[in-house]
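So that you can map any letter, position 18 of the sequence shown is 1 in the working numbering, and since no number is skipped, the others follow by simple counting.
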Amino acid sequence: MKKPKKVDVHLARVVLAELVKAEAGLRRTRLEKLTLMKCGTRATFDSIFNFLKTNGYAVKASSKRTAPYIITEKGKLFLEALECE
-16 MKKPKKVDVH
-6 LARVVLAELV
4 KAEAGLRRTR
14 LEKLTLMKCG
24 TRATFDSIFN
34 FLKTNGYAVK
44 ASSKRTAPYI
54 ITEKGKLFLE
64 ALECE
């Protein structure tokens, strides 16, 4: 039986906060650079970012390959919950 992955809530909060700041959205590489300047490593960013995408907290703005990522309403609620902790 697999253990559930542990989520780094501080890094998730940083990623979602960066998406909120950028109202038009951010491309993945720019989001990664902004996040890594504050904390974390590439590996932890990848795992947190995949968690946020698979759970619907962050999505691509369009189907284009280079489309920016934006935060969803579900992501905004998740960010508010993280900030209350």
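Ideal Cβ positions, reconstructed from N, Cα and C, are used throughout, including at glycine.
Separation of residue j from residue i, as counted between CA atoms
| i | j | result |
| --- | --- | --- |
| Leu14 | Cys67 | 23 Å |
| Leu60 | Tyr52 | 17 Å |
Which listed residue (the options) has its alpha carbon closest to that of residue i
| i | options | result |
| --- | --- | --- |
| Val42 | Val3, Asp(-9) and Arg25 | Val3 |
| Glu6 | Leu60, Thr55, Ala64 and Leu65 | Thr55 |
| Ser45 | His(-7), Asp(-9), Glu1 and Gly8 | Gly8 |
| Thr49 | Lys57, Tyr40, Ile31 and Arg11 | Arg11 |
Three-state secondary structure (DSSP) of residue i
| i | result |
| --- | --- |
| Val(-10) | coil |
| Ala41 | strand |
Chain D contact for residue i (CB, 7 Å cutoff)
| i | result |
| --- | --- |
| Glu6 | Going by chain labels, chain D is absent from the structure shown, which holds only one protein chain. |
Proximity test, residue i beta-carbon vs the ligand FAD heavy atom, cut-off 6 Å
| i | result |
| --- | --- |
| Thr49 | In terms of ligand content, the structure shown is empty, and the ligand FAD therefore cannot be addressed. |
Would you check if the region -12 to -1 and the region 14 to 31 touch, i.e. whether three or more CB-CB distances between them fall below 8 Å? yes
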